[in-house]
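**Student:**
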Amino acid sequence: MKETVQINNNAIIKNAFKESFIRLNPKHQIKNPVIFAVTLCSAFCTVLFCTGNFDSADFWFNFQILFWLWFTVLFANFAEALAEGRGKAQASSLRQTQSNLKANRLVGDKTEYIDASLLTKGDIVIVMAGELIPIDGEVIEGVASVNESAITGESAPVIRESGGDRSSVTGGTSVLSDWIKIRVTAAKGESFLDKMILLVEGAKRQKTPNEIALSLILIGFSLIFLLSVATLQPLVGYFNGSFSLLVLAALFVCLIPTTIGGLLSAIGIAGMDRLLQKNVIATSGKAVETAGDISVLLLDKTGTITFGNRMASEFFTVGNVSQEELLSYAVLSSKADETPEGRSIVALAEAMNAKTLLLEGNETLIAFSADTRLSGVNIADVHIRKGAMDSVATFVENYGGMFDVECRGICEKIAKEGATPLVIAVNAKILGVVMLKDIVKPGIKTKFAQLRLMGIKTVMITGDNPLTAAAIAAEAGVDDFVAEATPETKIRLIQQYQKEGHLVAMTGDGTNDAPALAQADVGLAMNSGTQSAKEAANMIDLDSSPTKLLEIVEVGKQLLSTRGALTTFSIANDVAKYFAVIPALAVIIFPSLSVLNIMDLTSPKSAILSAVIFNALIIVALIPVALRGAAFKAQSEEAALRRNLAIYGLGGIITPFIGIKLIDMLISALGLV
Numbered sequence: 001m002k003e004t005v006q007i008n009n010n011a012i013i014k015n016a017f018k019e020s021f022i023r024l025n026p027k028h029q030i031k032n033p034v035i036f037a038v039t040l041c042s043a044f045c046t047v048l049f050c051t052g053n054f055d056s057a058d059f060w061f062n063f064q065i066l067f068w069l070w071f072t073v074l075f076a077n078f079a080e081a082l083a084e085g086r087g088k089a090q091a092s093s094l095r096q097t098q099s100n101l102k103a104n105r106l107v108g109d110k111t112e113y114i115d116a117s118l119l120t121k122g123d124i125v126i127v128m129a130g131e132l133i134p135i136d137g138e139v140i141e142g143v144a145s146v147n148e149s150a151i152t153g154e155s156a157p158v159i160r161e162s163g164g165d166r167s168s169v170t171g172g173t174s175v176l177s178d179w180i181k182i183r184v185t186a187a188k189g190e191s192f193l194d195k196m197i198l199l200v201e202g203a204k205r206q207k208t209p210n211e212i213a214l215s216l217i218l219i220g221f222s223l224i225f226l227l228s229v230a231t232l233q234p235l236v237g238y239f240n241g242s243f244s245l246l247v248l249a250a251l252f253v254c255l256i257p258t259t260i261g262g263l264l265s266a267i268g269i270a271g272m273d274r275l276l277q278k279n280v281i282a283t284s285g286k287a288v289e290t291a292g293d294i295s296v297l298l299l300d301k302t303g304t305i306t307f308g309n310r311m312a313s314e315f316f317t318v319g320n321v322s323q324e325e326l327l328s329y330a331v332l333s334s335k336a337d338e339t340p341e342g343r344s345i346v347a348l349a350e351a352m353n354a355k356t357l358l359l360e361g362n363e364t365l366i367a368f369s370a371d372t373r374l375s376g377v378n379i380a381d382v383h384i385r386k387g388a389m390d391s392v393a394t395f396v397e398n399y400g401g402m403f404d405v406e407c408r409g410i411c412e413k414i415a416k417e418g419a420t421p422l423v424i425a426v427n428a429k430i431l432g433v434v435m436l437k438d439i440v441k442p443g444i445k446t447k448f449a450q451l452r453l454m455g456i457k458t459v460m461i462t463g464d465n466p467l468t469a470a471a472i473a474a475e476a477g478v479d480d481f482v483a484e485a486t487p488e489t490k491i492r493l494i495q496q497y498q499k500e501g502h503l504v505a506m507t508g509d510g511t512n513d514a515p516a517l518a519q520a521d522v523g524l525a526m527n528s529g530t531q532s533a534k535e536a537a538n539m540i541d542l543d544s545s546p547t548k549l550l551e552i553v554e555v556g557k558q559l560l561s562t563r564g565a566l567t568t569f570s571i572a573n574d575v576a577k578y579f580a581v582i583p584a585l586a587v588i589i590f591p592s593l594s595v596l597n598i599m600d601l602t603s604p605k606s607a608i609l610s611a612v613i614f615n616a617l618i619i620v621a622l623i624p625v626a627l628r629g630a631a632f633k634a635q636s637e638e639a640a641l642r643r644n645l646a647i648y649g650l651g652g653i654i655t656p657f658i659g660i661k662l663i664d665m666l667i668s669a670l671g672l673v
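Everything in the sequence shown is counted per UniProt numbering, starting at 1 for the first residue and increasing by one.
#1: Do the stretch 651-658 and the stretch 464-474 make contact, defined as three or more Cβ pairs closer than 8 Å?
#2: Exposed or buried, Thr-364, counting other C-beta atoms within 10 Å across all chains shown (16 or more means buried)?
#3: Which residue or residues does DSSP assign as beta-bridge partners of His-28?
#4: Can you tell me whether DSSP reads Ile-410 as helix, strand or coil?
#5: Please determine if the stretch 616-625 and the stretch 530-540 are in contact, where contact requires at least 3 C-beta pairs separated by less than 8 Å.
#6: Mind the definition here: the stretch 598-605 touches the stretch 570-584 only if three or more C-beta pairs lie below 8 Å; say whether that holds.
#7: Let me know if Asp-381 comes out buried or exposed under the rule of 16 or more other beta-carbons within 10 Å of its beta-carbon.
#8: For Leu-263, tell me which candidate among Val-377, Ser-56, Phe-657 and Thr-567 has the shortest Cα-Cα distance.
#9: Do the stretch 286-303 and the stretch 504-511 touch if we need at least three Cβ pairs shorter than 8 Å?
#10: Rounded to the nearest angstrom, what separates Arg-492 and Asn-362 at their Cα positions?
#11: Could you spell out the range, first to last residue, of the beta strand (DSSP E) harbouring Thr-420?
#12: Kindly indicate which three-state DSSP category Arg-563 falls into: helix, strand or coil?
#13: Within 10 Å of its beta-carbon, does Thr-642 have 16 or more other beta-carbons around it, so buried, or fewer, so exposed?
#14: Rounded to a whole number of angstroms, what is the C-alpha to C-alpha distance between Gly-671 and Leu-622?
#15: Is Gly-159 buried or exposed, if buried means 16 or more other CB atoms sit within 10 Å of its CB?
#16: Quick check: the stretch 33-49 against the stretch 243-260, are there 3 or more CB pairs under 8 Å?
#17: Looking at the secondary structure, which residues open and close the beta strand (DSSP E) in which Phe-315 lies?
#18: Out of Asp-479, Gly-432 and Leu-542, which has the shortest C-alpha to C-alpha gap to Gly-453?
#19: Taking the beta carbon of Cys-50 as the centre, do at least 16 other beta carbons fall within 10 Å, making it buried, or is it exposed?
#20: Determine the extent of the beta strand (DSSP E) in which Asn-378 is found, giving its start and end residues.
#21: If distances are taken between C-alpha atoms only, which option among Asp-273, Leu-101 and Ile-22 comes closest to Ala-76?
#22: Per DSSP, Gly-137 forms a beta bridge with which residues?
#23: Mind checking who Lys-429 pairs with in its DSSP beta bridge?
#24: Got a sec? Which residues, its chain only, sit under 8 Å from Thr-144 by beta carbon, not counting five neighbours each side?
#25: Could you give the distance in angstroms between the alpha-carbon of Pro-157 and the alpha-carbon of Lys-31?
#26: Per DSSP, residue 676 forms a beta bridge with which residues?
#27: Am I right that Phe-657 and Ala-576 are in contact with their C-beta atoms under 8 Å? What's the rounded C-beta distance?
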C-alpha cells in the first residue's frame, strides 16, 4: 500500500518509546514468555533492591544491574512497538479517508445522500465522475475510468465495468469519468479499508504456527538455564560461598534467549509490513510464512510470463496467393473482430499497404466466438474467415475444400516458435497464415532460475496448444507446463502436488479461478478481479500484477530466513555468554579456576554487569535487522542454513566474547564496579 501522507519517522520513534512503557502491562507481556520471564526477574530484583535485601556496599552495583534489566525489557517492547508504528501511521491515514466517504444510495427510483458507514451488504449506489467510491462492491451497470492511487499508489487510471473480471471496485478510490452503478459486497466493518486498517495496525495479528513452535523451543531453553542457575546457589553454598539473589536473577536473564525473544514479534510484524510496501495484503501472517515455504509455483502464461498482448507480427502466404490478396482479405476477416489481436492484424496489414477490397452484396459480420474460434464476414456468397487452424480446417472442408499441407507446416512452425497461428480462408480456399506473437517478459527467466535455486518448481498453465506452450515454456525457463488447461485442470493439478507433500501457490482474478485459489496453500487474487476470487484467496495484490507472486515468495523466504538467522544468533549467543561469564563467577569459590577465565574479566561483579549490559544492547543493535530483514539471497535451503550458521551462528559465538570484554574494560576504566 502506498502512503497518502508523509509519515513522520520521529513521531513513530517517539510513540514507540512511549509504547515501551505501556506494554509493561502483564496482559501484554505474558504473550511473550521469554520477555515475560525477564520482566518477572526485573520486578523481583526491584523488590529486593527497594527492601534493601543486599549488602549496602553493593548499592551502586545492584542499581546498575536493575537499570539494565529494565532496559532489556523496554527495548524488547520498543522493537515490537517500532515495527507496528509505521502500520499505525498508515492506518491513521486510511481512517481519515474512510471517515470522509459519502454515498448516493438508490432506493427505488430515488437517491439519498448518506454516510458510507450506513451502507449494508446488497445496497445499490451510484457514483458519478469526480466522486469517491464509498465502499467495496461489484459494478452492475455502466463503465468508468477509476483512479485507485489512494489504495495502490498508481496514478494511471483503470477501467471498471459490469460483467467480466474487471467489475470489482474498492472503497476510497475515485471515479474520473462517466458513471457506474455498484452493488455493495462488504458488510459493515468488513470492507477493504477496514481490513487494511486492522492489518497494518497489527490489531488482529496472531502468532503463526512457526512462531508458536519457536516460542515453545525458547521456553525449553529458558527452563534449562533456569535449572542451571538454580543449581549454582546450593553448589557454591556447599563450598561456603554464595551469590546474591539479584546476581542470580541477572545471570538467568543473560543466559536465556532474550535476543530472539525480544525480536520475535517485530520480525513477524516487519515481514507483513514489507509485504504491504509491495502493495499486497495478506489475511494472516501464516499466509506470508507459507509463501516462504512453497515448493510449487503455478503461473498463468498470459500476463504473468508473457505480456499478454498477442500482436500480429508477420503474414505467410500459401500456394500462389499473393501477399497483396492475403493482406486485403486479412483486413476483411478482422472487420468484426474487436479483440486486441484482431485490431493488431488490421494495423499491421494497413502498415504494409493493404488494399481495400470492394465486394458487392449484403454484408454479414461474424464476430469472434470462443466456441467457434473464428471471426469474419459474409458478403453475398463470399465467406471470409480467420481463426484457429483446426476451426478453419473444418470451415474449408464444409465447402468441399481440403486443408493445405503447406499451411499446416507453416502453422506448426509458428507454434514451435511459441507464437499463435491464425489461418485466413475464403470459402474452400486457404489464403495464408498470420502470426500472433506474445512476448516473454524480460528478466523472467532469471527469476525462475533463482526460484529453482531455492528449490521451487515453476509450472506454466496455459490454454494454448502443446506446441505453443512448449516453445513459451522453453523460452521462459519454467520447469514444467500444462497446455489446453481449464479451471478444473488447475484444481486437479494443485491437489496432485499437495498429495505429494508440496505447498502450492497460484494467482488468479476471475470467478472461475476462485476454486483453485481456495485450494492453493497461497492464493494471490488481483484487486481488479472479481469479489469471489478475492474472497477465495489469502492474499490480494493491489497492483493487480500477476508477476507479484514471485516477489511475495521472496518476502516469505526473507521472513523465515530472518527469523532463522536471529534464532541461530541468539542461541549461539547464549551458549557463548555461559562460557564467558560462569568461569569468572566461579573464581569466587574456586580461585584455582581463574585459568578458565580466558577473557581475563576484571572481577566477578564486572563480569555479570558486563553480561547484563551486553544482553540489553545486543537487542538494540539487532532491531534494524529484524525490521529490514536479514540479507536475502536466492539459494537452496541447505545453502541458506550453511550461510546462517557461518554468519549468525559463528557471529553469535564470537560477538559476546568481544562485546563483554570491551564493556568490562570500559566499566573498569570508569570505576563503575
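For every residue, glycine included, the Cβ atom is placed at its ideal position computed from N, Cα and C.
In this text, all values refer to a predicted model and were calculated from it rather than measured experimentally.
**Tutor:** Taking the geometry as given:
#1: With the cut-off at 8 Å, the stretch 651-658 and the stretch 464-474 do not touch.
#2: It counts as exposed.
#3: According to DSSP, His-28 shares a beta bridge with no other residue.
#4: Ile-410 falls in the helix class under three-state DSSP.
#5: No, they do not touch.
#6: The answer is yes - the stretch 570-584 touches the stretch 598-605, with three or more Cβ pairs under 8 Å.
#7: Exposed, by the Cβ-count rule.
#8: When each option's Cα is compared against that of Leu-263, the closest is Thr-567.
#9: Short answer: they touch.
#10: Arg-492 and Asn-362 have their C-alpha atoms some 49 Å from each other.
#11: From DSSP, the beta strand (DSSP E) with Thr-420 extends over 420-426.
#12: Residue state, collapsed to three classes: helix.
#13: It is Arg, not Thr, that sits at residue 642 in the sequence shown. Exposed, by the Cβ-count rule.
#14: Between Gly-671 and Leu-622, the C-alpha separation is close to 28 Å.
#15: According to the sequence provided, residue 159 is Ile. The question's Gly does not apply to it. Exposed.
#16: The answer is yes - the stretch 243-260 touches the stretch 33-49, with three or more Cβ pairs under 8 Å.
#17: Bounds of the beta strand (DSSP E) holding Phe-315 are 311-317.
#18: Residue identity check: residue 453 is Leu in the sequence provided, not Gly. Checking every option, the nearest Cα to that of Leu-453 belongs to Asp-479.
#19: With fewer than 16 other Cβ atoms within 10 Å, it is exposed.
#20: In the DSSP assignment, Asn-378 falls within the beta strand (DSSP E) that extends over 374-379.
#21: Nearest to Ala-76 by C-alpha distance, out of Asp-273, Leu-101 and Ile-22, is Ile-22.
#22: DSSP output for Gly-137 lists Val-169 and Val-184 as bridge partner(s).
#23: Lys-429 pairs with Val-426.
#24: Looking at the sequence provided, one finds Ala at residue 144 rather than Thr. Shown here for Ala-144: same chain residues with a beta carbon closer than 8 Å to its own, the five before and five after excluded, namely Val-127, Ala-129, Ile-159, Arg-160, Glu-161, Val-175, Leu-176, Ser-177, Asp-178, Trp-179 and Ile-180 in chain order.
#25: For Pro-157 and Lys-31, the gap between their C-alpha atoms comes out near 44 Å.
#26: Any property of residue 676 remains undetermined from this structure, which presents the chain solely from 1 to 673.
#27: A Cβ-Cβ separation of about 6 Å places Phe-657 in contact with Ala-576 under the 8 Å criterion.
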